[in-house]
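J.: Quick note on numbering: the first sequence equals residues 50 to 578 in the working numbering.
Let me give you the structure first, and then I'll get to my questions.
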Amino acid sequence: MKHYYVTTPIYYVNDAPHVGHAYTTLACDVLARFMRLDGARVHFLTGTDEHGQKVEKAAAAAGMTPQAFTDKVSQNFRALAKALNISNDDFIRTTEARHIKSSQAIWRAIAANKSPKGRDNIYLGKYAGWYAVRDEAFYGENELVTGPDGKKRAPSGAEVEWVEEPSYFFRLSDWQDWLIAYYETENPGFIGPVSRRNEAISFVRQGLTDLSISRTTFKWGVPVPDAPDHIMYVWLDALTNYITAVGYPDTKTDLFSIFWPADLHMVGKDIVRFHAVYWPAFLKAAGIAPPQRVFAHGWWTVEGQKMSKSLGNVVEPNALIARYGLDPVRYFLLREVPFGQDGDFSHAAMVRRLNTDLANDLGNLAQRVLSFVAKNAGGAVSQPGALTAADEKLLGAARNLLPAVRAELAEQLFHKALDALWQVVGDANRYIDEQAPWTLRKTDPARMSTVLYALTETLRRLGLLLQPFMPDAMAKLLDQLAIPADARDFAAFERALVAGTALPAPQGIFPRYVEEGEATAGKGGQKGR
RNA sequence: GGCGGCGUAGCUCAGUGGUAGAGCAGGGGAAUCAUAAUCCCUUGGUCGGGGGUUCAAAUCCCUCCGCCGCUACCA
């Protein structure tokens with residue numbers, strides 16, 4: 050049986066969920082749903098990252114223990130997944146016992162092995178430098194700016210403090226050659242898109258320095274094995290979630306043996322380095338296979354501006370869903386922008402996609418076909434006669450969509466998959482106009498029947514393939530085509546509609562978005578007569 | 001500073017040597033099954049500027065301008 054393991058990053062608990070989180074999770078959800086329908090056993094993981102000094106401080110500020118604080122805010126991300134109709138199989142929290150155990154196990158495994166140059170992978174040293182709690186990162190002296198208040202700040206604007214403490218280091222510098230070989234020879238498709246791959250390669254090529262992987266100045270983290278004064282660096286802890294969730298350190302379980310290495314870690318472009326450089330090195334050092342692929346998507350701006358708390362323009366997923374509906378939002382986010390590039394979320398663009406692609410092109414196609422069948426073909430699947438070249442062409446285009454969409458999604462090209470699907474939506478609209486069943490009704494009822502059959506069959510295939518993107522809307526469409534529950538996966542893609550099957554009364558799937566205050570007659574948009 | 005990318009129709013972008021493309025927006029028409037939806041036709045670009053190679057350049061080379069990403073660092 051095919052299998053597919055896809056992960057979102059674990060989200061930092063004290064962030065408020067915004068459209069960026071929704072985007073990442075949504076992309077994974079579409080892949081997970083597609084693979085399940087395509088017959089794969091799927092494990093889809095998301096969760097929350099709950100350790101680190103920032104969380105410790107936020108909890109203190111809220112007058113709570115870190116555990117109570119994270120118990121509370123972690124719910125925000127479970128709620129987000131629910132609101133987006135996400136089909137994750139597991140939700141991991143880094144504060145869970147299974148994860149503490151797993152993180153300590155990977156530490157021990159890394160420490161037990163030698164680097165490619167025969168040295169210890171982990172050694173005790175001392176770290177001294179400027180540290181920004183907010184960024185969870187160290188900065189060089191020269192990067193800092195001194196503000197008018199006399200405080201030193203990182204380029205990000207975060208306050209920094211001088212930190213000098215004993216620290217364990219990971220001998221990343223010895224892994225450079227192995228990483229390059231992994232990117233270029235062993236797994237050329239490891240990082241996508243290509244622009245990010247090039248950046249990662251050039252970063253590794255210029256030389257790697259050893260990485261500080263423990264801290265002693267705060268407590269909220271996973272204790273380093275046999276060194277209780279130290280807690281593990283948040284990123285080593287966080288990345289390990291991907292193997293925790295499939296049972297590590299118990300590598301003999303079904304979960305681990307079936308699903309590891311992961312097929313895809315979906316990430317935002319800001320965390321490519323952690324996933325594409327540190328993570329494979331940590332894993333290899335621990336004697337564990339690295340993941341198959343890391344894909345970094347872009348950022349959303351809003352109405353042309355960067356999203357930020359200070360601008361007050363952070364887009365909350367719930368607000369979008371309330372305004373436009375869940376499935377239109379899901380569609381928009383994956384259709385509007387070439388996946389991997391940055392994009393802009395604007396009300397105008399959202400409405401354009403909703404009204405043009407969903408209401409006019411697809412929704413209206415379904416409505417005109419199904420209501421015609423209801424009124425003029427006895428409300429049942431029509432009996433086809435001999436097929437003409439035009440019929441074959443439409444049906445063939447619809448049939449070819451499965452391999453086409455499968456190929457695009459194998460490379461996370463959501464926008465291209467949707468574009469291919471909409472080509473056929475257009476084909477069907479052209480076909481119905483050319484065949485004009487409303488004329489055939491009077492002149493050639495048998496031919497009309499064949500035309501309606503070809504159209505409903507095309508709708509069936511479109512509905513099946515669009516389920517991963519818009520599960521609720523496509524369930525409605527497939528209901529209206531009387532497709533039984535056991536005929537909605539891709540194994541049933543060739544199981545054509547049966548003539549004579551009664552169809553329920555058609556209902557609109559995608560209502561048009563009408564601006565507030567705009568009359569139902571529209572304003573000046575009327576063409577022709 | 002180094003490496004890389006981008007700059008093509010009003011907007012978003014595709015197109016990597018051989019007569020400039022798509023979607024949306026704009027204009028005209030057809031049809032009337034349908035969510036005032038659909039279909040057809042159409043306006044529109046000296047492909048950032050300049051120079052070069054070539055029979056031929058959006059496409060290759062040089063240079064300049066503008067924007068962006070990664071990364072390094074200076075006095």
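Where is the CB? At the ideal position from N, CA and C, for every residue including glycine.
Please tell me whether residue 544 and residue 516 are closer than 9 Å, where the distance is taken between their beta carbons.
T.: Taking the first residue of the first sequence as 1, we reach residue 544 at position 495. Taking the first residue of the first sequence as 1, we reach residue 516 at position 467. No; because the gap between Cβ atoms is not below 9 Å, this pair is not in contact.
J.: Would you mind stating whether residue 455 and residue 83 have Cβ atoms separated by less than 9 Å?
T.: What you label residue 455 is simply residue 406 of the first sequence in a count that begins at 1. What you label residue 83 is simply residue 34 of the first sequence in a count that begins at 1. Yes, Cβ-Cβ distance for residue 455 and residue 83 is below 9 Å.
J.: Taking the straight line between their C-alpha atoms, what separation do you get for residue 340 and residue 390?
T.: Working through the first sequence from its first residue, we reach residue 340 at position 291. Working through the first sequence from its first residue, we reach residue 390 at position 341. Near 23 Å, if we compare the C-alpha coordinates of residue 390 and residue 340.
J.: May I have the straight-line CA-CA distance separating residue 569 from residue 400, to the nearest angstrom?
T.: Within the first sequence, residue 569 is the residue found at index 520, counting from 1. Within the first sequence, residue 400 is the residue found at index 351, counting from 1. With a pLDDT of 42 at residue 569, under the threshold of 50, the modelled position of that residue is not reliable, and the figure given next carries that caveat. Each residue's alpha carbon lies about 16 Å from the other.
J.: Go through its chain and collect everything with a Cβ distance to residue 557's Cβ below 7 Å, but skip five positions before and after it.
T.: Within the first sequence, the letter at position 508 stands for residue 557. The residues are 412, 416.
J.: Using 10 angstroms around the beta-carbon of residue 449, count the other beta-carbons present and answer buried if the total reaches 16, otherwise exposed.
T.: Counting from 1 along the first sequence, the entry for residue 449 is found at position 400. By the 10 Å Cβ count, residue 449 comes out exposed.
J.: Can you give the Cα-Cα distance for residue 406 and residue 430, rounded to whole angstroms?
T.: Sequence index remark: in the first sequence, residue 406 carries index 357 (1-based). Sequence index remark: in the first sequence, residue 430 carries index 381 (1-based). Cα to Cα, the separation comes out at about 26 Å.
J.: My output table needs one value for residue 183: the three-state DSSP class, helix, strand or coil.
T.: The residue you call residue 183 lines up with position 134 of the first sequence. It is coil, neither helix nor strand.
J.: Looking only at its own chain, which residues have a Cβ that is under 6 Å from the Cβ of residue 522, when we skip the five neighbours before and after it?
T.: Looking up residue 522 in the first sequence gives position 473. Around residue 522: 376, 558.
J.: Cα separation between residue 572 and residue 388?
T.: On the first sequence, position 523 is the one that residue 572 refers to. On the first sequence, position 339 is the one that residue 388 refers to. With a pLDDT of only 33 at residue 572, under the threshold of 50, the placement of this residue in the model should not be trusted; the figure read from the coordinates follows. Spanning the alpha carbons of residue 572 and residue 388 requires a straight line of approximately 34 Å.
J.: Determine the extent of the beta strand (DSSP E) in which residue 314 is found, giving its start and end residues.
T.: If you number the first sequence from 1, residue 314 lands on position 265. Note, residue 314: beta strand (DSSP E), 313-317.
J.: Near residue 519, which residues of its chain fall below 7 Å by C-beta distance, leaving aside the five closest residues on each side in sequence?
T.: In the first sequence, counting from the first residue as 1, residue 519 sits at position 470. The beta carbon of residue 519 is closer than 7 Å to those of 376, 379, 380 in its chain, skipping five residues each way along the sequence.
J.: For the candidate residues 542, 532, 562, whose alpha-carbon lies nearest to that of residue 551?
T.: Locating residue 551 in the first sequence gives position 502, counting from the first residue. For the residues 542, 532, 562, the minimum Cα distance to residue 551 belongs to 532.
J.: Which ranges does the alpha helix (DSSP H) cover as unbroken runs of at least 4 residues, wholly within the region 293-338, from first to last along the chain?
T.: Runs found: 303-308, 328-334.
J.: Taking all protein chains shown into account, decide if residue 63 is buried (16 or more other Cβ within 10 angstroms of its Cβ) or exposed.
T.: By 1-based counting over the first sequence, the position of residue 63 is 14. When all chains shown are included, residue 63 counts as buried.
J.: Give me the Cα-Cα distance between residue 470 and residue 370, rounded to the nearest whole angstrom.
T.: Walking along the first sequence from the start, residue 470 turns up at place 421. Walking along the first sequence from the start, residue 370 turns up at place 321. Those two C-alpha atoms are separated by around 23 Å.
J.: With DSSP as the reference, label residue 392 as helix, strand or coil.
T.: As a working note, residue 392 is residue 343 in the first sequence. Here residue 392 sits in strand by DSSP.
J.: What do you get for residue 452, buried or exposed, if any count of 16 or more other CB atoms within 10 angstroms of its CB means buried?
T.: Residue mapping note: residue 452 aligns to position 403 of the first sequence, counting from 1. Exposed is the call here.
J.: Would residue 281 be called buried (16 or more neighbouring beta carbons within 10 Å of its own) or exposed?
T.: The sequence position of residue 281 within the first sequence is 232, counting from 1. Flag for residue 281 reads buried.
J.: Residues in the same chain with beta-carbon distance under 6 Å from residue 495, minus the five sequence neighbours each way, listed in chain order, please.
T.: Residue mapping note: residue 495 aligns to position 446 of the first sequence, counting from 1. Hits under 6 Å: 434.
J.: I'd like the ranges of any alpha helix (DSSP H) spanning at least 4 consecutive residues and lying wholly in the region 94-163.
T.: 102-110, 115-132, 146-161
J.: Residues in the same chain with beta-carbon distance under 7 Å from residue 364, minus the five sequence neighbours each way, listed in chain order, please.
T.: Position 315 of the first sequence holds residue 364. Counting only Cβ-Cβ distances below 7 Å, and skipping sequence neighbours, we find 67, 68, 351, 356, 394.
J.: Is residue 97 near residue 141, with beta carbons less than 9 Å apart?
T.: Stepping through the first sequence from its first residue, residue 97 is reached at position 48. Stepping through the first sequence from its first residue, residue 141 is reached at position 92. Yes, Cβ-Cβ distance for residue 97 and residue 141 is below 9 Å.
J.: Just curious, the alpha helix (DSSP H) that residue 464 is in, first and last residue?
T.: As a working mapping, residue 464 is identified with position 415 in the first sequence. Residues 463-484.
J.: Can you tell me which residues form a DSSP beta bridge with residue 169?
T.: One-based indexing of the first sequence puts residue 169 at position 120. Its beta-bridge partners are 163.
J.: Once you ignore the five residues that flank residue 440 on each side, which residues in its own chain have a CB closer than 6 Å to its CB?
T.: Your numbering for residue 440 matches position 391 in the first sequence. These residues qualify, in order along the chain: 503.
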